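K.L.:
Before I ask anything, let me first share the structure, which is written out below as structure tokens.
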Amino acid sequence: MEGGGPPPASPAMLTPELQEGYEQLRQLNIFDGVPHEVLGAALSSGGIQRRSFARDIIIADPSSIQNDSASICYVIQGQVAVAVFDAGELEQRRAEQQRRAQMNEKERQELSLLPPPPLARTAKKNLALFMEGDLFNAKSLASVAGDNPAAFYAVGPAVVAFIDNATMANLASTYPFFEARFRRAIESAYARLGNVTGVKQELLDFFVRQGISVAGPTVRVRQLDRCIDCKMCEKACEDRYGSKRLTLGGYQLGMIDFVYTCRTCSDQRCVSGCEYDSIKFDASRGEVVINEATCVGCTMCAQSCPFHAIEMVDIEDPSHPNHRTAFKARLDEAGSLKFGPGTGRVARPRRIANKCDHCVQFFDQACVSACPTSALIEISPEQLFRERSASARTLAEAGYDRDLRPDKKELLPTQPFTRGIGVKDGGKAKIRRGKVLPVICWALGLATFVLAVAEVVLRAYWPTRSLQYFWLMNDPNAVQGIILEKIRFVPGDELAMWCGYLGTLLMMVATAYPMMRRMKIFRRVAANTMYFDLHMMSGTVGPMFIVLHAAFKLDNWVALAFWAMVIVVLSGVIGRYLYTQVPDLAHGRDLEDLEHKRALADLRSSHPEATAIAEGIIAEHQRAAARVARNAGLMYALLWIVSEDVRRPTRWLSRRHKIGKSSAPKAVKRELIRRTGRMILLDRRGVLVSRAQLLLHSWKIVHVPFTILMVALSAIHIWQQFDFVVADWTLLVALISGD
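For the sequence shown, numbering that gives the first Met the number 0 gives the first residue as 0, with consecutive numbering after it.
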């Protein structure tokens with residue numbers, strides 16, 4: 000950039016308003032090298048215009064571009080989208096915008112504080128999004144086909160530089176470096192727009208329509224392929240605040256549910272409507288916070304939020320559906336419901352606004368900490384949507400000073416939405432993670448079990464190499480022959496007893512999981528994910544030690560406890576299987592299904608023979624799945640799903656054999672085999688969707704009662720053995736004392 004500080008533009012040349020715009024343009028790298036006087040003259044003549052727009056202002060539409068010579072637009076700040084609208088809706092918003100522009104400040108203040116709905120949501124389809132450093136041609140609206148008109152609008156507050164064609168042509172011809180930058184900017188925009196097709200068009204529309212593009216640094220999402228619908232997140236939030244601040248089942252796209260909760264939008268629509276300053280953006284915390292001590296319950300913030308993130312909680316009428324006794328009790332305890340002289344409000348409020356503030360005053364986010372499967376996470380919007388790559392963003396910031404070959408795979412990746420995000424640790428959420436302890440426990444538990452099994456095997460086949468042999472041989476009076484007769488592994492010997500102690504301890508940890516996930520004190524140590532991992536570890540390794548403890552001697556009543564444990568373990572394995580399979584396939588697979596169908600449609604024209612074979616395989620499986628979905632009961636459906644998993648390797652071989660007979664290239668055959676396999680897997684949705692909740696909870700019908708039975712029988716067995724030990728000690732003491 001030439002020089003530093005303000006450019007030497009004469010006040011006589013530029014008005015204060017133009018001077019401000021000039022200084023901002025001078026800081027942009029795309030104009031680096033253009034002389035000060037040339038840029039100043041372009042501003043003075045109107046060849047370059049810097050315009051500021053509030054959110055939801057129409058920047059260009061078919062009627063405005065006809066009379067506007069400045070068609071080249073450069074986004075300085077904010078975001079500009081182009082969308083297709085209903086003709087009547089666009090005309091109404093344009094007329095309202097012109098009416099407001101003609102009002103004076105007093106007249107604007109008399110208007111309703113409630114803003115109109117965002118243009119992003121009233122649009123029929125958002126086609127493209129332009130961010131800082133992007134260049135677009137406003138007159139390109141004429142090329143948008145269809146019966147409905149298209150328009151450029153400000154997604155949030157934006158600053159745009161408008162350059163007329165004559166000025167652009169003059170700059171490009173006079174300064175070759177500027178022409179090169181302009182060319183690169185156009186090529187970058189065309190490459191991105193050309194990539195927004197098919198499923199990616201749906202992603203972009205969702206990104207803009209649901210306000211994700213103007214969200215804060217992170218958004219909270221639910222990974223549908225990991226969620227078991229236990230609602231622990233909602234319950235934990237309600238326990239902390241008296242009324243939940245998030246609701247599952249929000250705006251869903253593929254495998255991701257953007258739950259109803261605050262996203263800390265960059266333009267904070269909810270703040271501007273409040274006349275009592277009871278909701279503000281706290282810059283030091285980076286959060287929009289509600290002052291519950293001054294909120295009068297006017298509902299303006301809730302009505303202004305287009306994403307249903309603010310709830311008005313009734314505190315006066317217990318019969319009201321939105322009344323929350325615990326919420327009112329929390330406010331009473333904090334003194335936030337006081338009114339009258341010396342307080343934050345004049346009259347008693349009937350309702351109070353309630354919204355998420357990311358648990359800014361706590362050490363963790365209650366909802367994320369409570370999730371046992373890491374389904375609920377905080378993640379960066381850019382990580383999910385990546386509307387432009389990091390290299391493209393850097394290029395725009397640098398003023399397009401070099402060429403860049405765009406990577407289509409980087410732009411709007413579909414995998415997070417079609418195959419899942421795969422985040423397992425809460426993402427960027429504020430939680431106590433505790434990831435190391437389960438790994439250590441797994442390692443110690445399995446290592447100890449392997450050592451115990453090794454000792455049992457050595458005692459049976461190589462007794463002189465066992466630990467027991469070396470232990471007994473330490474006795475100076477030991478006789479090898481007699482010692483060899485003592486080396487064995489039977490129920491009741493010391494090794495079996497220690498295996499019993501360890502197994503019982505681990506099973507106690509496993510059965511304590513329901514208590515751990517509900518008690519707040521445990522979340523101060525770690526999130527529920529860690530306790531779920533410990534539950535899985537102890538429920539797996541514990542029974543392994545119990546098997547050694549029993550030494551396969553199952554000829555008395557104690558065997559009932561053993562078989563109860565076996566049923567508990569098997570039902571737990573089935574439950575874990577369902578927890579991984581049902582959520583993964585029962586929800587959010589529409590986008591992936593659409594992606595595969597479009598790919599098959601493309602292949603059908605170039606490779607009809609191979610595609611026909613693949614579609615025949617899919618149709619055959621669809622008919623089988625439809626029969627099960629129509630007629631099968633719960634248990635049969637479960638058995639069918641398990642059998643389908645078992646048959647996957649043989650089905651893959653059959654699929655490979657059939658498609659391999661076609662004359663298509665190897666790469667096409669591989670793609671067809673892969674896509675056919677995924678579509679067959681997705682066909683299970685017809686069986687799963689209607690039975691998802693029943694399947695998820697069916698295993699508990701067996702798991703919970705047999706867990707109780709196992710604990711009861713184990714307690715009796717331990718008490719009985721304890722009685723025997725006490726009796727033996729009593730007899731020993733009596734013999735020693737001579738009584």
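Glycine included, each C-beta is placed from N, C-alpha and C at the ideal position.
On a predicted model such as this, the values are computed, not experimentally measured, just so you know.
How big is the Cα-Cα spacing for Cys269 and Cys294?
P.N.:
C-alpha separation (whole angstroms): 13 Å.
K.L.:
Measure the alpha-carbon distance for Arg92 versus Ala188 and round it to whole angstroms.
P.N.:
Distance between the alpha carbons of Arg92 and Ala188 is about 28 Å.
K.L.:
Taking 6 Å as the limit between beta carbons, can you name the residues of its chain near Arg239, skipping five residues before and five after?
P.N.:
Ala365.
K.L.:
Below 9 Å between beta carbons: does that hold for Ala184 and Ile314?
P.N.:
Contact: no.
K.L.:
Note down, in chain order, each residue of its chain lying with its Cβ closer than 7 Å to the Cβ of Val701, except the 5 sequence neighbours on either side.
P.N.:
Excluding residues within five positions, the ones whose Cβ falls inside 7 Å are Ile566, Ser570.
K.L.:
Are there 16 or more other CB atoms within 10 angstroms of the CB of Glu1, so buried, or fewer, so exposed?
P.N.:
Annotation note: pLDDT 44 at Glu1 (below 50); position unreliable, coordinate value reported separately. Result: exposed.
K.L.:
What's the gap between the Cα of Ala711 and the Cα of Ile717?
P.N.:
Approximately 10 Å, taken between the alpha carbons.
K.L.:
By the three-class DSSP mapping on this structure, what secondary structure does Val158 have?
P.N.:
Note: Val158 maps to strand in three-state DSSP.
K.L.:
Using 8 Å as the threshold, is the segment 225 to 233 in touch with the segment 244 to 255, meaning 3 or more CB pairs across them?
P.N.:
Touching, per the Cβ criterion.
K.L.:
Please report the straight-line C-alpha distance between Asp331 and Pro340, rounded to a whole angstrom.
P.N.:
For Asp331 and Pro340, the distance between alpha carbons rounds to 18 Å.
K.L.:
Would you tell me roughly how many angstroms separate the C-alpha atoms of Ala563 and Ser713, rounded to the nearest one?
P.N.:
So the alpha carbons of these two residues sit roughly 10 Å apart.
K.L.:
Mind pulling the alpha helix (DSSP H) runs of 4 or more residues that sit fully within the segment 622 to 703?
P.N.:
633 to 645, 647 to 659, 665 to 681, 684 to 687, 691 to 697, all fully within the segment 622 to 703.
K.L.:
Between the beta-carbon of Leu140 and the beta-carbon of Ala149, is there less than 9 Å?
P.N.:
Cβ atoms of Leu140 and Ala149: closer than 9 Å.
K.L.:
On the CB-based measure, 16 or more other CB atoms within 10 Å of its CB, does His307 come out buried or exposed?
P.N.:
Exposed.
K.L.:
What is the DSSP secondary structure of Ser51, reduced to helix, strand or coil?
P.N.:
Correct three-state label for Ser51: strand.
K.L.:
Are the beta-carbon atoms of Tyr512 and Phe531 separated by less than 9 Å?
P.N.:
Yes, they are a contact pair.
K.L.:
If you follow the beta strand (DSSP E) that Ala80 is in, where does it begin and where does it stop?
P.N.:
79 to 83 is the span of the beta strand (DSSP E), which, as asked, contains Ala80.
K.L.:
State the Cα-Cα distance for the pair Glu16 and Ile309, rounded to the nearest angstrom.
P.N.:
Using only the alpha carbons, I get a separation of about 39 Å.
K.L.:
Would you say Gln222 and Ser373 are within 9 Å of each other, going by their C-beta atoms?
P.N.:
It is a contact, given that the beta carbons lie within the stated cut-off.
K.L.:
Taking C-alpha atoms, which residue in Ala292, Ile75, Ser537 lies nearest to Thr510?
P.N.:
The shortest Cα separation from Thr510 among Ala292, Ile75, Ser537 belongs to Ser537.
K.L.:
State yes or no: is the C-beta of Leu633 within less than 9 Å of the C-beta of Arg683?
P.N.:
No, Cβ-Cβ distance for Leu633 and Arg683 is not below 9 Å.
K.L.:
Give the single residue among Ser697, His319, Ala40, Ala346 whose Cα lies nearest to the Cα of Ala292.
P.N.:
Per the Cα distances, Ala346.
K.L.:
For Ala122, which beta-bridge partners are listed by DSSP?
P.N.:
Looking at the DSSP assignment, Ala122 forms no beta bridge with any residue, so it has no partner.
K.L.:
Under 6 Å Cβ to Cβ from Glu19, same chain only, skipping five residues before and after it: list those, please.
P.N.:
So the list is empty, once near-sequence residues are dropped.
K.L.:
Using a Cβ-Cβ cutoff of less than 7 Å, which residues in the same chain neighbour Arg654 once the five nearest sequence positions on both sides are dropped?
P.N.:
So the qualifying residues of the chain are Ile616, Ile672, Thr675, Gly676.
K.L.:
Between which residues of its own chain and Gln621 is the CB-CB distance below 7 Å, once the five residues before and five after are set aside?
P.N.:
Result list for Gln621: Asp682, in chain order.
K.L.:
Around the C-beta of Gly398, are 16 or more other C-beta atoms found within 10 angstroms, so that it is buried, or is it exposed?
P.N.:
Its Cβ being crowded by 16 or more others within 10 Å, Gly398 is buried.
K.L.:
Do you know whose CA, among Ala391, Gly45, Asp316, Asn290, lies nearest Arg344's CA?
P.N.:
Taking only the C-alpha atoms, the option nearest Arg344 is Asn290.
K.L.:
Bridge partners for Ala127 per DSSP, in chain order?
P.N.:
Paired residue(s): Val81.
K.L.:
Ile481: which of Leu494, Pro462, Glu643 sits nearest, CA to CA?
P.N.:
Ranking the options by Cα distance to Ile481, first place goes to Pro462.
K.L.:
Are the beta-carbon atoms belonging to Arg49 and Gln78 less than 9 Å from one another?
P.N.:
No, the Cβ-Cβ distance between Arg49 and Gln78 is not below 9 Å.
K.L.:
Give the DSSP-derived three-state secondary structure of Met311 in the structure shown.
P.N.:
In this structure, Met311 counts as strand in the three-state DSSP scheme.
K.L.:
Would you call the segment 275 to 286 and the segment 319 to 333 in contact, with 3 or more CB pairs under 8 Å?
P.N.:
Short answer: they don't touch.
K.L.:
Can you tell me which residues form a DSSP beta bridge with Thr417?
P.N.:
None; Thr417 has no bridge partner.
K.L.:
With burial defined as no fewer than 16 other Cβ atoms inside 10 Å of the residue's Cβ, what is the status of Met472: buried or exposed?
P.N.:
Exposed, because fewer than 16 other Cβ atoms sit within 10 Å of the Cβ of Met472.
K.L.:
Along the beta strand (DSSP E) that carries Arg350, what are the first and last residues, could you check?
P.N.:
Looking at the DSSP string, the run of the beta strand (DSSP E) that includes Arg350 is 350 to 354.
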